[in-house]
Amino acid sequence: MQSPGPVVSVVLSSCNQLKQIKFTLLALMDQKPDIPHEIIVVDCGSTDGSDQFLADMAGGGKIRAIFEQAGKGRTPARNRGAHAAAGQYLMFLDPGMIVGPGWWESLVRTLDQDPRVGAVAGKVILADGSIDHAGLALLEWWGEGEGGKARAYGQSLTGRSIQAGREAHHPSTNRNLLVQALCGQALMVRAEPFFTVGGFSARMGRDHRRQPAPGQGEMAGVDLCLRLGSRGWDCVYRHESVMTRLATGNTASPTTADPAEQKVFNSIWLGRVRGDFRIVPDKGTLPSPNQAIHAYIEPVLSFSRKSHAGAAPVWGPGLRGMSSVVLAVGAEVDDLGRSIPALLANTDPLHELVLVDAGATPDGRNLAAELCAQRPNCRWAGTEAAPSRAAAFNRGLAMARGKHIVLMDTTTVVTPGWLETLTGAADFQPRAGLIGPVTNRLAGLQHLAEVDYDTRGLAGLNSFAAQTHDRHGGRVDRTMRLAGFCLLVKREVLARIGGLDERFDWGNYEINDYCLRANLAGYECLVAAGCFVHQEREPGLTEEQIGHLRRLTGQWEIFKSKWGIPRDTALGTPMDMSGLMHGGFSADRHFYPLPQPGPSRPTSGNRSRENQAACAQG
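Going by the numbering used here, the sequence shown opens with residue 18, and the numbers climb by one from there.
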């Protein structure tokens, strides 16, 4: 089983800030989180002894130190540290930030329990006991236009602490808030959206010496939060996390914003976002009709990290950018002749293909062997057939290294751009957990009643798929249930709820169960309306399987027992799946561990030793 890795990576960047970096690191050592974590410090050519101090700390195994050339600014250093980090959450701290007891608990809990939240920050106080940060408000500075109409003018959008200057324990500072922006000097960000939006902007925050004035939002941090917000992620202020910001002794103009940065910031966001307040001449500060500051209510979800043995790592340097396709190779050799060529032709080789034996025939295993021998991005899961489709998919999930993982049957014929459309929906929908395409079969939101191509010979399939994408683009539709013939699973969901329940092995019940568990964990099941893939035949109950109705009935009995459905409910009775989600998520009940991965290559009786060796090296 893959090691889950650190939960939090604390990233600091410094340049000639020996005193401040010492205080910050000593506080971190004294108040270190009791969850897996790492501390990464990027030093940019310090000449004040910081380099030796950090080298000694790194030599003692207390931190990881990265030494960059002089002249590297704060933003490049932060991004460099983030790229070296393996944590699922990135905690950016500036030198001079002194963490308090339990500083990490509410921040991590927020990201753990609320899939919508991309960034979270706590209360920051100054040495005199006043508030430096309690969430930021966006201020729009307005002038007067012709006819008395308000108009925005130069340098008119800034971030300001909502409670700047108040005493640290004022009751108004002890409310958790949803806000548009947070401070960048003490900010915890979910790794996946951080890299999706490109990290901190290289156009801002370059000078280590320049620190924002008390109560003022750092432009680079505000910009990052707004880019997260543009992708649908929430930003949350948690008052329970408390830190102190020390005064820095080597700042240049610490009480004023960099005019060049402010100009860049305004050129990006002025007119794109609405301020929470307007500063209007002769009228003072007025609330904006579009104010986005609201009370934050924490979701009631029960996640226990201790019960997550068998979870795949949620994030890490090796997972960025790549997706994994887990293909269950069953007994349908004819299906392989269409599904695999389409998959290879329409999927960027950047992504990996994990083949799992779900009852493959000798011919199917030979085809898998040839594919693994020829393609370095192809891997084989297991040396013998899995006892069920759920077990086969779990083997593939345990081996998969991608940021997103697609479970796929060989009945599926994909089309150009299919994976980009599914992953795009995943990246742009923070609450997305499971995403499926539309298709020519099934029922419900995934079914297109009319398709304009030859469903037997597949002539015109790619053209029809392109037309579907042009018509619907990035539109998504929410549903309670998706089919398993082509199902994207966000790695975050895999780490949260584990794999498929192997008690279910037929009739799509393992996928119905997985969708319910994902919904309970706070994630949404989405249909990507612009992604069309073809199905060769109806999955599940076919004419040849009607004789196995007893088996299907047995699966239904297991499903009813697990989800509290009345025992006298007959098979085929329409179900309101949302009504099954009572009691909330519990890791003890709803987490299914993944197996120990055992990467290998398919074997067959008529393969040569040379071919086996080639597969082993591929």
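Note that beta-carbon positions come from the ideal geometry of N, C-alpha and C, so glycine has one too.
With distance defined between alpha-carbon atoms, name the residue in the options nearest to residue i.
{"i": "residue 500", "options": "519, 550, 179", "result": "550"}
{"i": "residue 587", "options": "595, 572, 50", "result": "572"}
{"i": "residue 262", "options": "232, 254, 420, 306", "result": "232"}
{"i": "residue 314", "options": "235, 474, 130", "result": "130"}
{"i": "residue 151", "options": "189, 157, 134, 494", "result": "189"}
{"i": "residue 472", "options": "519, 75, 458, 255", "result": "458"}
{"i": "residue 544", "options": "300, 438, 346, 584", "result": "438"}
{"i": "residue 185", "options": "193, 146, 343", "result": "146"}
{"i": "residue 495", "options": "229, 385, 595, 76", "result": "595"}
{"i": "residue 406", "options": "330, 422, 358, 502", "result": "502"}
{"i": "residue 443", "options": "277, 469, 548, 365", "result": "548"}
{"i": "residue 254", "options": "297, 83, 311, 301", "result": "311"}
{"i": "residue 277", "options": "256, 221, 293, 285", "result": "221"}
{"i": "residue 299", "options": "491, 605, 176, 158", "result": "158"}
{"i": "residue 128", "options": "568, 509, 526", "result": "509"}
{"i": "residue 592", "options": "79, 498, 345", "result": "498"}
{"i": "residue 604", "options": "577, 210, 515", "result": "515"}
{"i": "residue 75", "options": "64, 94, 55", "result": "55"}
{"i": "residue 608", "options": "590, 519, 553, 357", "result": "519"}
{"i": "residue 383", "options": "346, 208, 361, 363", "result": "346"}
{"i": "residue 229", "options": "281, 176, 381", "result": "176"}
For a quick check, are the C-beta atoms of residue i and residue j less than 8 Å apart?
{"i": "residue 200", "j": "residue 241", "result": "no"}
{"i": "residue 72", "j": "residue 197", "result": "no"}
{"i": "residue 414", "j": "residue 533", "result": "no"}
{"i": "residue 370", "j": "residue 394", "result": "yes"}
{"i": "residue 245", "j": "residue 174", "result": "no"}
{"i": "residue 601", "j": "residue 243", "result": "no"}
{"i": "residue 202", "j": "residue 238", "result": "yes"}
{"i": "residue 575", "j": "residue 521", "result": "yes"}
{"i": "residue 355", "j": "residue 250", "result": "no"}
{"i": "residue 113", "j": "residue 86", "result": "no"}
{"i": "residue 25", "j": "residue 57", "result": "no"}
{"i": "residue 124", "j": "residue 30", "result": "no"}
{"i": "residue 460", "j": "residue 507", "result": "no"}
{"i": "residue 248", "j": "residue 336", "result": "no"}
{"i": "residue 410", "j": "residue 505", "result": "no"}
{"i": "residue 292", "j": "residue 155", "result": "yes"}
{"i": "residue 342", "j": "residue 423", "result": "yes"}
{"i": "residue 368", "j": "residue 436", "result": "yes"}
{"i": "residue 111", "j": "residue 82", "result": "no"}
{"i": "residue 427", "j": "residue 352", "result": "yes"}
{"i": "residue 103", "j": "residue 234", "result": "no"}
{"i": "residue 584", "j": "residue 577", "result": "yes"}
{"i": "residue 256", "j": "residue 139", "result": "yes"}
{"i": "residue 204", "j": "residue 70", "result": "no"}
Identify, in the order they occur along the chain, each residue of the same chain with its Cβ nearer than 6 Å to the Cβ of residue i, setting aside the five sequence neighbours on each side.
{"i": "residue 464", "result": "none"}
{"i": "residue 402", "result": "374, 376"}
{"i": "residue 206", "result": "107, 136"}
{"i": "residue 225", "result": "32, 91"}
{"i": "residue 68", "result": "60"}
{"i": "residue 84", "result": "60"}
{"i": "residue 80", "result": "56, 58, 74"}
Output needed for residue i: all residues of its chain with C-beta closer than 7 Å, excluding positions within five of it in sequence on either side, in chain order.
{"i": "residue 115", "result": "40, 41, 44, 260, 261, 263"}
{"i": "residue 216", "result": "96, 99"}
{"i": "residue 149", "result": "141, 142, 143, 178, 231, 232, 262"}
{"i": "residue 598", "result": "533, 536, 537"}
{"i": "residue 612", "result": "411, 412, 415"}
{"i": "residue 331", "result": "105, 508, 509, 512"}
{"i": "residue 475", "result": "430, 551"}
{"i": "residue 219", "result": "92, 93"}
Excluding the five sequence neighbours on either side, which residues of its own chain have a C-beta within less than 8 Å of the C-beta of residue i, listed in chain order?
{"i": "residue 126", "result": "315"}
{"i": "residue 477", "result": "469, 470, 471"}
{"i": "residue 66", "result": "35"}
{"i": "residue 294", "result": "154, 155, 156, 157, 302, 303, 304, 305, 308"}
{"i": "residue 364", "result": "342, 370, 431, 435, 436"}
Name the DSSP bridge partner or partners of residue i?
{"i": "residue 312", "result": "194"}
{"i": "residue 233", "result": "177"}
{"i": "residue 259", "result": "140"}
{"i": "residue 464", "result": "456"}
{"i": "residue 469", "result": "For residue 469, which the question treats as bridged, DSSP gives no partner whatsoever."}
{"i": "residue 301", "result": "297"}
{"i": "residue 515", "result": "609"}
- Query: Which runs of the beta strand (DSSP E) fall wholly inside the stretch 120 to 159 and span at least 3 residues, in chain order?
  - Reply: Secondary structure within the stretch 120 to 159: the beta strand (DSSP E) runs of 3 or more consecutive residues, fully enclosed, are 134 to 143, 148 to 150 (chain order).
- Item | Segments assigned alpha helix (DSSP H), at least 4 residues, entirely inside the stretch 527 to 603 | 566 to 580
- Could you give the uninterrupted runs of the alpha helix (DSSP H) lying entirely in the stretch 328 to 360, keeping only those of 4 residues or more? none
- Item | 3-residue-minimum beta strand (DSSP E) runs that sit fully inside the stretch 47 to 118, ordered along the chain | As summarised for the stretch 47 to 118, the continuous beta strand (DSSP E) elements at least 3 residues long and confined to that stretch are 54 to 61, 81 to 85, 106 to 110, 114 to 116, given in chain order.
- Query: Taking only runs of the alpha helix (DSSP H) that begin and end inside the stretch 404 to 436, which ones reach a length of at least 4 residues, in chain order?
  - Reply: 406 to 416
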